[in-house]
Ligand code: 13P
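Have a look at this one:
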């Protein structure tokens, strides 16, 4: 079974009710021919998921969240569970984004528990991994990502998982790795996923590239072997840019 490409927009801490017009424009531009080629989802802030549901899903655009708590419910003021996200219409949730790892001290162990909580709630976790600039310069990019995959993926995943490779130094900087570096990392990531999950499961797991994906570089990056789509930050806020990235698959 060929892997169906996935282009996911991560709005991060951006977006108001007025921004739903962008989701509507995405849904309109996502025509039948493009739907056959690529799956599209938007991960707005949790405040907008329920509000975006109708306009997004009517146009075939899926919804995801940006984080979830590792517990199902309880005394965790300010947190949101995977089950709650599912309840308001999310079908995906990003876990272990480098901004969460850096700003909230999330370790591989926490990310793994969040991914497991997502699966348990019937959501597909998008598990993020990626090295820092210092780690790449030290020649440690592969070993760091290998360790993150080993530590962040639940060993016996009862559902689908998506993995996103996002080099920290490429996020929001306009910098990207070369296609050769992306190819090397994604091939390695698939081997590590197989080592973690076994049973040929890695073949069906989509590995997204994220970090300064723009309309101009999307065709080159999406053509790299073992790249099964993109996790897009800044360029996902405007329908015109996000759809131009998705067009790389038409
Ligand atoms: P940019 O596309 O803005 O570099 O962000 C990438 C990212 O972090 C997506 O999760």
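In this note's numbering, the protein residues as written are 25 to 274.
We put the CB at the ideal spot given by N, CA and C, even for glycine.
- Taking C-alpha positions only, residue 89 is separated from residue 102 by approximately 15 Å.
- Excluding sequence positions up to five before and after residue 178, its CB lies within less than 7 Å of the CB of 136, 139, 140, 143, all in the same chain and listed in chain order.
- As DSSP reads the structure, residue 116 sits in a beta bridge with 88, 148.
- Within a 10 Å sphere around the beta-carbon of residue 259 sit 16 or more other beta-carbons, which makes this residue buried.
- When secondary structure is reduced to three states using DSSP, residue 195 falls in the coil class, being assigned neither helix nor strand.
- Ligand 1 approaches residue 236 closely enough that one of its heavy atoms is under 7 Å from the residue's Cβ.
- With fewer than 16 other CB atoms across the displayed protein chains lying within 10 angstroms of its CB, residue 227 is exposed.
- For residue 190, same chain residues with a beta-carbon under 7 Å away, outside a window of 5 residues either side, are 122, 152, 154, 234, 235, 255 in chain order.
- In chain order, 254, 269, 272 place their CB closer than 7 Å to the CB of residue 242, counting only its own chain and leaving out the 5 sequence neighbours on each side.
- DSSP, read as helix, strand or coil, puts residue 30 in strand.
- For residue 73 and residue 67, the gap between their C-alpha atoms comes out near 8 Å.
- Under the 10 Å beta carbon count, residue 148 is surrounded by 16 or more other beta carbons and is classified as buried.
- In chain order, 93 place their CB closer than 6 Å to the CB of residue 100, counting only its own chain and leaving out the 5 sequence neighbours on each side.
- Around the beta carbon of residue 194, 16 or more other beta carbons lie within 10 angstroms, which makes this residue buried.
- Taking all protein chains in view, the Cβ of residue 229 is crowded by 16 or more other Cβ atoms within 10 Å, so the residue is classified as buried.
- With 16 or more other CB atoms across the displayed protein chains lying within 10 angstroms of its CB, residue 257 is buried.
- Contact between residue 32 and residue 150 holds, with the beta-carbon distance rounding to 6 Å and staying under 8 Å.
- Annotation for residue 47: the continuous alpha helix (DSSP H) segment containing it runs 44-53.
- In the structure shown, residue 248 adopts coil according to DSSP, grouped into three states.
- The three-state secondary structure of residue 78, taken from DSSP, is helix.
- When secondary structure is reduced to three states using DSSP, residue 135 falls in the helix class.
- Counting C-beta atoms within 10 angstroms of its own C-beta, residue 247 has fewer than 16 neighbours from the protein chains shown and is therefore classed as exposed.
- In the same chain as residue 29, and ignoring 5 residues on each side of it, the C-beta atoms closer than 8 Å to its own belong to 61, 62, 63, 230, 246, 252, 253, 273, in chain order.
- The three-state reading of DSSP puts residue 66 in strand, counting E and B together.
- Within a 10 Å sphere around the beta-carbon of residue 210 sit 16 or more other beta-carbons, which makes this residue buried.
- For secondary structure counted as the alpha helix (DSSP H) over 4 or more consecutive residues, the stretch 156-243 holds these complete runs in sequence order: 157-161, 165-176, 203-221.
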